[in-house]
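Each residue of the sequence shown is one higher than the last, beginning at 582 in the working numbering.
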Amino acid sequence: MMHCDFSLPSECTLRKAVSLDTWSIVFVVFKARLDLNQLRWQQFWVIECDGCLVAFGQLRKFQLAQELGSLYVVKKWRKQGLGNFLMQHLISQATQPLYLKCVNHQLVNFYVKKGFVPVEFNDLPSSLKYKFRLSQARKKFLNGFVVFMKYQVGFDGNIERELLLKENNIK
582 MMHCDFSLPS ECTLRKAVSL DTWSIVFVVF KARLDLNQLR WQQFWVIECD
632 GCLVAFGQLR KFQLAQELGS LYVVKKWRKQ GLGNFLMQHL ISQATQPLYL
682 KCVNHQLVNF YVKKGFVPVE FNDLPSSLKY KFRLSQARKK FLNGFVVFMK
732 YQVGFDGNIE RELLLKENNI K
């Protein structure tokens, strides 16, 4: 398994979200056009720097699976390892097979480097098929871009990464 030690800048802390974070999270999720379904502050982890919420992500619970969702880093704080740190933390907190839905070409490569592999809609657990059905319809009928991915323990992200991207016509 790919293992990287990421650390936070000294002025930042990782913590479980609290109810006071709800509106900040909802506002950013809406503004960034992320999935507004199932936003439960209890499932979020946040990174706070100098007293401001600058990154967050959640682990949604489903029957026999979890979904990594709403991963976001405020623009000013990008390229400082916060997304990597938060992603590794969320992966470490998962207690069931971990999936995600990616609707951005550039982010597929990011997730593959972190150990996620593309999976077909039909290979998703039934609880996630129900949730992702609209995304699948968008892909099928509106030519929208969506890739469903699963965290693969032991995936090293090098040669396999190139093959997966090629197989899925992702550049």
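C-beta atoms are modelled at their ideal positions from N, C-alpha and C, and glycine is treated no differently.
Using alpha carbons as the reference points, say which of the options lies closest to residue i.
i, options, result
"Ser605", "Val635, Lys597 and Leu595", "Val635"
"Lys712", "Val693, Phe697, Tyr680 and Tyr732", "Tyr680"
"His670", "Phe726, Gln624 and Val698", "Gln624"
"Ser825", "Cys593, Lys612, Ser707 and Lys682", "Within the shown structure, residues of the chain are numbered from 582 to 752, placing residue 825 beyond reach of any answer."
Applying the 10 Å Cβ sphere with the 16-neighbour rule, what's the burial state of residue i?
i, result
"Glu648", "buried"
"Leu705", "buried"
"Ala613", "exposed"
"Gly721", "The amino acid at residue 721 is misidentified as Gly; the sequence shows Lys. Under this definition Lys721 is an exposed residue."
"Lys597", "exposed"
"Asn739", "In this prediction, Asn739 scores a pLDDT of 47, lower than 50, which makes its location untrustworthy; the coordinate-derived value is nonetheless stated afterwards. Answer is exposed; the Cβ neighbour count stays below 16."
Per DSSP, which residues does residue i bridge with? Please list them.
i, result
"Gly638", "Trp626"
"Arg659", "Paired residue(s): none; Arg659 is not in a bridge."
"Tyr653", "Phe637"
"Val728", "Cys683"
"Leu615", "DSSP, once it has assigned bridges, lists no residue as partnering Leu615."
Our contact map puts residue i next to residue j with C-beta atoms below 8 Å; I'd like the distance itself, whole angstroms only.
i, j, result
"Arg659", "Gly650", "No, Arg659 and Gly650 are not in contact; Cβ-Cβ is about 19 Å, not under 8 Å."
Any beta carbon from chain B within less than 9 Å of residue i's own beta carbon?
i, result
"Ala613", "Absent here is chain B; the protein component of the structure consists of one chain."
Minimum length 3: unbroken beta strand (DSSP E) runs contained in the region 661-704: 679-683 and 697-700
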